[in-house]
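Trainee: Here the sequence shown is numbered in UniProt numbering, starting from 1 and rising by one per residue.
Glycine included, each C-beta is placed from N, C-alpha and C at the ideal position.
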Amino acid sequence: MEVEGLKEEKKLVIEIKPTDNAPTIPFKVKRDTPFIKIFRAYEAKLGVAKNTYRFHYDGTRIPDDPQHTPKTLEMKIGKKYDIEAFNEQLGG
1 MEVEGLKEEK
11 KLVIEIKPTD
21 NAPTIPFKVK
31 RDTPFIKIFR
41 AYEAKLGVAK
51 NTYRFHYDGT
61 RIPDDPQHTP
71 KTLEMKIGKK
81 YDIEAFNEQL
91 GG
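In structure tokens:
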């Protein structure tokens, strides 16, 4: 989805949508912003511990790696992308 005004800013919107009752929060970011920074900011806004959530885009988990950015997933400037946040589950 195209978002007005973002192309001039050279940014895109990452909207994190949780699968639990937590709020959906949009982040306006540059293409080279590491996902880990976005994910930690999301968890901080919710007041939860790091690694509380697993984050997925198009059904694939996004690794907690500073090398992964919107650019590595070929996300385009001026658009909005939805990322799902799943509660991390441990055990069998």
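Which of helix, strand or coil does DSSP assign to residue 7?
Mentor: Mapped onto the sequence shown, residue 7 falls at position 7. Note: residue 7 maps to helix in three-state DSSP.
Trainee: According to DSSP, simplified to helix, strand and coil, what is residue 43?
Mentor: By one-based count along the sequence shown, residue 43 stands at place 43. In this structure, residue 43 counts as helix in the three-state DSSP scheme.
Trainee: Would you give the residue range spanned by the beta strand (DSSP E) that residue 16 belongs to?
Mentor: Looking up residue 16 in the sequence shown gives position 16. Note, residue 16: beta strand (DSSP E), 12-18.
Trainee: In three-state DSSP terms, what is residue 30?
Mentor: Here residue 30 is taken as the residue at index 30 of the sequence shown, counted from 1. Correct three-state label for residue 30: coil.
Trainee: Give the straight-line distance between the Cα atoms of residue 43 and residue 17, rounded to the nearest whole angstrom.
Mentor: Within the sequence shown, residue 43 is the residue found at index 43, counting from 1. Within the sequence shown, residue 17 is the residue found at index 17, counting from 1. Roughly 12 Å separates the two Cα atoms.
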